[in-house]
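Residue numbering for the sequence shown is 1 to 180, as defined by UniProt numbering.
Step one of this worksheet: look at the structure below.
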Amino acid sequence: MYLKSLEIQGFKSFPDKISLTFDKGLTAVVGPNGSGKSNIGDSVRWVLGEQSTKTLRGNKMEDVIFSGTVARKPMGFAAVTLNIDNRDNTIPDIGDEIAVTRKLYRSGESEYMINGKPCRLKDINELFMDTGLGRDGYSIIGQGRIAEIVGAKSSERRDIFEEAAGISKFRYKKLEAERK
Ligand code: ATP
Ligand code: MG
């Protein structure tokens with residue numbers, strides 16, 4: 001599977017709806033300082049369920065909503081949709097395309113969707129478990145992450161290998177079963 005496109009509206013420095021399409025292979029994002037390159041990465045983390053405002057480089061979750069400029073009023077919500085090409089059936093039983101959406105209103109109300117259907121964050125986490133994608137997956141490597149992995153405790157490093165080996169799901173299911 002691969003990231004096909006990303007739709008961003010009202011998120012950080014992107015008030016208008018934009019659509020970024022990616023082809024297979026390598027894509028580089030270039031631009032001057034402060035032009036929004038890192039905000040694109042933040043939008044991917046966010047739509048996959050990132051809850052840490054620090055990781056998203058803000059103080060509160062509302063900071064992800066476009067806060068206005070001298071020329072432009074603030075937005076009332078932020079919405080990001082991530083479209084994935086799943087034609088290789090990396091994730092079975094869901095179809096060739098997977099769209100994951102997260103929306104947050106200034107009132108604090110928020111929603112997640114998979115293929116347009118409202119869902120819980122838990123559903124998104126379970127969907128991507130063992131694929132490497134997902135909030136805690138290894139497909140997003142931020143600045144300092146390599147040093148963090150090298151310096152991590154062996155138990156933490158084991159979690160990364162378990163995700164890559166595709167067995168975190170079993171550990172998760174065991175924990176869930178034990179909780180019931
Ligand atoms: P650099 O090359 O320095 O890393 P960059 O291209 O990665 O820059 P970003 O960090 O993505 O830049 O973007 C920073 C810009 O986003 C700042 O100008 C900041 O004001 C703007 N920004 C962040 N959050 C919001 C928000 N909620 N509303 C409006 N603008 C925002
Ligand atoms: Mg940056």
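All C-beta atoms in this analysis are idealised placements derived from N, C-alpha and C, irrespective of residue type, glycine included.
The model shown is predicted, which means the values in this text are computed figures rather than measured ones.
| said: By the DSSP assignment, the beta strand (DSSP E) with Phe-77 in it spans what residues? | reply: Counting from one through the sequence shown, the residue named residue 77 turns up at place 77. Going by DSSP, Phe-77 is part of the beta strand (DSSP E) stretching over 77–85.
| Does the Cβ-Cβ distance between Phe-128 and Tyr-105 come in under 7 angstroms? | Sequence index remark: in the sequence shown, residue 128 carries index 128 (1-based). Sequence index remark: in the sequence shown, residue 105 carries index 105 (1-based). Not closer than 7 angstroms, so no.
| Under a Cβ-count criterion, where at least 16 other Cβ atoms within 10 Å of its own Cβ denotes burial, should Ile-40 be classed as buried or exposed? | By 1-based counting over the sequence shown, the position of residue 40 is 40. Ile-40 should be labelled buried.
| request: Would you mind sorting Phe-161 into buried or exposed? The rule is 16 or more other CB atoms within 10 Å of its CB. | output: Within the sequence shown, residue 161 is the residue found at index 161, counting from 1. Around the CB of Phe-161, fewer than 16 other CB atoms lie within 10 Å, so the residue is classed as exposed.
| query | Is Asn-33 near the ligand ATP, with its Cβ less than 6 angstroms from a heavy atom? | reply | Taking the sequence shown and counting its residues from 1, the one referred to as residue 33 is at position 33. Yes, the ligand ATP has a heavy atom inside 6 angstroms of this Cβ.
| What first and last residue would you give for the beta strand (DSSP E) that runs through Glu-7? | By one-based count along the sequence shown, residue 7 stands at place 7. For Glu-7, the enclosing beta strand (DSSP E) starts and ends at 2–9.
| message | Are the CB atoms of Asp-96 and Asn-86 within a distance shorter than 7 angstroms? | response | Here residue 86 refers to the residue found at position 86 of the sequence shown. Here residue 96 refers to the residue found at position 96 of the sequence shown. Cβ distance < 7 angstroms, so Asn-86 and Asp-96 count as in contact.
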